[in-house]
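Below: the structure, in structure tokens.
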Amino acid sequence: MVKGVIERTADMTPVAVARKIRGLSDRAIAWIFITPTIMLLLAINIFPLFWTIWLSFTNYRANRPNAEVKWIGLRNYERILTDSDIWLTMQATAHFLVWTLVLQVLIGFALAWLINRKFKGNDLWTTIIVLPMMLSPAVVGNFWTFLYQPQIGLFNYVIAFFTQSDPTSFSMIGDVDLAPWSIIIVDTWMWTPFVMLICLAGLRSIPDYIYEAAECDRATKWRQFWTITVPMVLPFLMLAVLFRGIENFKMFDLVVQLTGGGPGSTTELTSINLKREAFEKWRTGYSSAYAIILFVTVFGLASIYVKALNKVKER
Amino acid sequence: MTVACAAAAFSPAAQADDLTLCWAAWDPANALIELSKDFEAKSGHNMSFEFVPWPNFADRMLNELNSGGKLCDLMIGDSQWIGLGAEAGHYIKLNDFFDANGISMGDFIPATVTGYSEWPKGTPNYWALPAFGDVVGWTYRKDWFNRADLKAEFKGKYGRDLDVPKTLAELKDIAEFFQGREIDGKTVYGAAIYTERGSEGITMGVTNALYNYGFEYNNPNKPYDLDGFVNSDGAVAGLEYYKALYDCCTPPGSSDWYMSENIDAYKSGQVALQMNFAFIWPGVHADPNVGGDKSGYFPNPAGPGGHFAQLGGQGISVVSYSDSQKAALEYIQWFAQPQIQKKWWELGGYSALRAVVEDPGFASSQPYAQTFLDSMAIVKDFWAEPSYASLLLPMQDRIHKYVIAGEGTAKEALDALVKDWKEVFEDEGKL
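Read top to bottom, the protein sequences are chains A and B. Heads up: the first sequence at position 287 corresponds to 370 in my numbering, and the numbers run straight through without jumps. Heads up: the second sequence at position 425 corresponds to 1883 in my numbering, and the numbers run straight through without jumps.
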């Protein structure tokens, strides 16, 4: 059928055009095919990037289109980098990022290791475990907000049951010390299954004969784990960390639903802070500089990380 | 131009238009739908409504205005938007239209004209018709206050009757008295106050304490002169008061509460007192659990530095990007009529027309009507500058950090607020 279509297209092509096409080199044809994609990429990725860079040196405000736009040099960057509040949001983001990654990797790997063992019903358990990551973050945020309510929330009653304390005596999302942990718990609950699935793929990719050879060499289970399982799953784990790291660096919806960035600014991550600057205060130039700083940070860290990942894969 | 538009609008040849009115999604909006049926019948225009929940209202509608969107022909925008609406050209100026159609701003409650219509403030430049008068006030459990055992205990403890508080200090005593108390087998708490961080909640709450302790937005004699006014000793004391009230007397977990959470807490019998805008009072009065005689209403109590309450409410404006400005102006003319305003009040909308609120029967028309009048007499509003959002966000941030998160001192919070606001005004070229 495809051949028929090609023939019909060839028949329909005017001779003059066909001659011209026949005269084109492979490289020229390749360019003809990829040019629309490149144009699209330039329009929706590259142009906005350069436009944002330009805006970051101005005092432009998107809600004042008629106001004079002044070139203010590095003032936006200087303001951001010397603003202690912004460093606090960076700190909150780093805290969130580190703890979610540590917990998700540890728990995700442990779950994958357990699920990978052949037992009855492990497919069912896999399905149940991955359910949270299928939910919308907004729904999860709302759902956990109720769970965390000191008066009606199940979470407080469970903790109170084990600690013999008053369930209304603490508020997970209203307490400065507990609020960061409240979002870490929810993110871990939601996204550990993702890490688990990646680890599971890694574990299942290890051929059985390696373990059989290790058995023949009388290697203990503990030694097999550290010398076979961990090194072979490590590239998968690192990939999971990369995905989750990038996702959590721009975490927004879940935190907005849960704490709104509060109490105070304890859980105000950089993405929330940036949104406020850009679309509530409408400091477009300032927030462009902010976005560029974040972009450079993520790009730099991700590049270093990818290099490390490639080295691990090469081993 | 507006005069010409208006003249054309009310000529017999005027054609039927499809008008969209944008507002917040809340009880009064439903009353407005009901009210507007009369306009549809009389004018032949079709009315559509775009209502957005309060937490997203400003985001959604300001984006619409900033992008020059044609969704809304009429906008009942928040009072703080007036500066932006006027200076950015989102709203059409209504002076000529008012003059041509005999609509006088003198016919409306003065505070609502200043709050909802004027820009610059204090000048006769009108960008909206006062549409919905609103103010922060208090609801209390009258049935609990009337219990003989509680009355006796309160008198023994505080040496005065358990009654509507006259001062903020008395209000705190009452809230403290009820905090953690068991009533009808259920643990109850003192007061539901505004603590919300994301939009404007804690600002709309804390100002009811700040104003009454001496806070001023700026030097009355020198605009944008903030030092010593925003962070005066009185303002510091007011902020400390609000934190103390939050710490001692609010339900657990109420660290991010605004209108709807306070309503829920009150209606479910969790709290003795509720801070909230007056728009909720008809709903409280009609509620099967706490309505009728079980609830009472009182204006925000006085403090040592004065007696004020935070203004809420909105004016109705014609969006300059609308293709149906004539019909939109026709709606405003219809809405301004005394008989329509009277019906508006009957349906649950708070009319700002003096003919309605100064009617001898008004004060007794609802149990909360007198409180509404008393509250409207003591209102003060947040900045209505075009950059109000840039001014609001740091206030939300600084106040929440101190009151809820307990970071630093009240003085530090207000000093930081002065610094933030100065930066905004410097960016605006006003400092």
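Even glycine gets a Cβ: it sits at the ideal position worked out from N, Cα and C.
DSSP-derived helix/strand/coil call for residue i
i: I387 (chain A); result: helix
i: L1523 (chain B); result: helix
i: A1462 (chain B); result: The pLDDT assigned to A1462 (chain B) is 45, lower than 50, so where the model puts this residue is not dependable, and the model offers no usable value.
i: P1568 (chain B); result: helix
i: W1481 (chain B); result: strand
i: M1505 (chain B); result: strand
i: D1476 (chain B); result: strand
i: T165 (chain A); result: coil
i: P1920 (chain B); result: For residue 1920 (chain B) there is no data in the structure shown, the boundaries of chain B being 1459 and 1889.
i: M1733 (chain B); result: strand
i: F1590 (chain B); result: strand
i: S1690 (chain B); result: coil
i: N1514 (chain B); result: helix
i: D1885 (chain B); result: helix
i: D1714 (chain B); result: coil
i: V381 (chain A); result: helix
i: E1658 (chain B); result: coil
i: W1596 (chain B); result: strand
i: M334 (chain A); result: coil
i: D1607 (chain B); result: helix
i: Y1584 (chain B); result: strand
i: G1541 (chain B); result: helix
i: N1676 (chain B); result: coil
i: V152 (chain A); result: coil
i: A1650 (chain B); result: strand
i: E1576 (chain B); result: strand
Buried or exposed (CB count within 10 angstroms, at least 16 for buried), residue i
i: Y292 (chain A); result: exposed
i: W1879 (chain B); result: buried
i: K396 (chain A); result: exposed
i: T1460 (chain B); result: Low local confidence applies: a pLDDT of 44 at T1460 (chain B) is under 50, so the model's placement there is unreliable, with the coordinate-based value given in what follows. With 16 or more other Cβ atoms within 10 Å, it is buried.
i: V98 (chain A); result: exposed
i: G1692 (chain B); result: buried
i: C1463 (chain B); result: The predicted model places C1463 (chain B) with a pLDDT of 45, which falls under 50 and marks its position as unreliable; any figure quoted below should be read in that light. Classification of C1463 (chain B): buried, given that the 10 Å Cβ count is 16 or more.
i: A1471 (chain B); result: Note on A1471 (chain B): pLDDT 43, under 50, position unreliable in the model; the coordinate value appears next. Exposed, since its Cβ has fewer than 16 Cβ neighbours within 10 Å.
i: C282 (chain A); result: buried
i: T1478 (chain B); result: buried
i: K103 (chain A); result: exposed
i: E1522 (chain B); result: buried
i: G368 (chain A); result: buried
i: G383 (chain A); result: exposed
i: V100 (chain A); result: exposed
Beta-carbon proximity check, residue i vs residue j, cutoff 8 Å
i: L1872 (chain B); j: L1703 (chain B); result: no
i: Y231 (chain A); j: I256 (chain A); result: yes
i: A400 (chain A); j: V278 (chain A); result: The requested residue 400 (chain A) is not part of the displayed model; chain A covers only 84 to 398.
i: Y1671 (chain B); j: A1695 (chain B); result: yes
i: Q307 (chain A); j: A297 (chain A); result: yes
i: K1838 (chain B); j: K1600 (chain B); result: no
i: Q1824 (chain B); j: G1535 (chain B); result: no
i: I163 (chain A); j: I155 (chain A); result: no
i: L1626 (chain B); j: A1667 (chain B); result: yes
i: G1675 (chain B); j: G1663 (chain B); result: For the sequence presented, residue 1675 (chain B) should be read as Tyr rather than Gly. Cβ distance not < 8 Å, so Y1675 (chain B) and G1663 (chain B) don't count as in contact.
i: M273 (chain A); j: V338 (chain A); result: no
Residue i: contacting residues in chain D (beta-carbon distance under 8 Å)
i: N146 (chain A); result: Protein chains A and B are contained in the structure displayed, whereas chain D is not.
Taking beta-carbon pairs under 9 Å, can you tell me which members of the segment 334-360 of chain A lie near chain B? V339, T342, G343, G344, G345, P346, G347, S348, T349, E351, R359, E360
Check each residue of the segment 221-241 of chain A: if its Cβ is closer than 7 Å to any Cβ of chain B, include it; give the result in chain order. Taking 7 Å as the Cβ-Cβ cut-off against chain B, the residues of the segment 221-241 of chain A that qualify are Q232, P233, Q234.
Can you give me, in chain order, the residues of the segment 1726-1753 of chain B that have a beta carbon less than 8 Å from any beta carbon in chain A? Q1728
How do the segment 354-362 of chain A and the segment 371-388 of chain A stand: do at least 3 beta-carbon pairs fall below 8 Å, yes or no? yes
Would you check if there are 3 or more beta carbon pairs closer than 8 Å linking the segment 1773-1780 of chain B to the segment 1548-1561 of chain B? yes
Contact set between the segment 1707-1722 of chain B and chain A, restricted to residues whose Cβ is under 9 Å from the partner: P1709, P1710, G1711, S1712, S1713, D1714
Quick one: any contact between the segment 1733-1749 of chain B and the segment 1587-1604 of chain B, if contact means 3 or more CB pairs under 8 Å? yes
So if I threshold CB-CB distances at 9 Å, which residues from the segment 122-143 of chain A count as touching chain B? N142
Inspect the CB distances between the segment 1802-1811 of chain B and the segment 1562-1576 of chain B and report whether three or more fall short of 8 Å. yes
Residues of the segment 1837-1864 of chain B with a CB closer than 7 Å to any CB of chain A: list them in chain order, please. A1847, S1848, L1851, D1855, H1858, K1859, I1862, A1863, G1864
At least 3 beta-carbon pairs within less than 8 Å: the segment 209-217 of chain A vs the segment 330-341 of chain A: no
Mind the definition here: the segment 1753-1768 of chain B touches the segment 1826-1837 of chain B only if three or more C-beta pairs lie below 8 Å; say whether that holds. In this structure the segment 1753-1768 of chain B touches the segment 1826-1837 of chain B; the number of beta carbon pairs closer than 8 Å is three or more.
When you compare the segment 1739-1758 of chain B with the segment 1610-1617 of chain B, are there three or more beta-carbon pairs, one atom per stretch, that lie closer than 8 Å? no
Name the residues in the segment 151-169 of chain A whose C-beta lies less than 7 Å from a C-beta of chain B; which are they? none
Whether or not the segment 309-322 of chain A and the segment 176-187 of chain A are in contact is what I'm after, with contact meaning three or more pairs of Cβ atoms, one per stretch, closer than 8 Å; do they touch? no
The segment 1593-1624 of chain B: which residues have C-beta closer than 8 Å to a C-beta of chain A, in chain order? Taking 8 Å as the Cβ-Cβ cut-off against chain A, none of the residues of the segment 1593-1624 of chain B qualify.
Short of 7 Å Cβ to Cβ, which residues in the segment 1627-1657 of chain B face chain A? R1655, G1656
Could you run through the segment 252-281 of chain A and flag, in chain order, every residue whose CB is less than 9 Å away from some CB of chain B? S252, F253, S254, M255, I256, G257, D258, V259, A262
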